[in-house]
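Colleague:
Residue numbers (UniProt numbering): 1 to 103.
1. For the beta strand (DSSP E) containing residue 44, list its first residue and its last residue.
2. So, residue 88 versus residue 70, is the Cβ gap smaller than 7 Å?
3. Use the C-beta contact count for residue 85: other C-beta atoms within 10 angstroms, 16 or more gives buried, fewer gives exposed.
4. What does residue 57 pair with, by DSSP beta-bridge criteria?
5. When you compare only the Cα positions, how much space is there between residue 112 and residue 10?
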């Protein structure tokens with residue numbers, strides 16, 4: 001009965017360790033940082049054409065601390081599996097003008 005009890009105790013300890021790790025991973029991904037893969041020409045020259053992986057932090061957006069020139073990551077409203085990376089050029093209350101014909 002001794003070896004079985006030791007094996008069960010060890011399995012419980014490993015399970016608790018795995019659950020703790022998964023909890024830390026969940027909190028990190030959902031509330032702190034999220035890995036994002038970006039590619040394409042829209043962010044040249046800051047981000048090049050090759051696929052890159054970045055860590056997008058989520059803390060400053062929760063407190064409203066975004067500024068002109070920040071790079072923001074958001075999901076497409078039409079296809080939530082697509083992620084867009086854009087540079088922030090206007091904030092609430094900003095005034096802008098349009099150049100060109102407007103077509």
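All residues carry an ideal CB built from backbone N, CA and C; glycine is no exception.
Modeller: Judging by the given coordinates:
1. Taken as a continuous stretch (DSSP letters only), residue 44 belongs to no beta strand (DSSP E), as it is neither H nor E.
2. yes
3. buried
4. 33
5. The question about residue 112 has no answer, for the chain in this structure spans 1 to 103.
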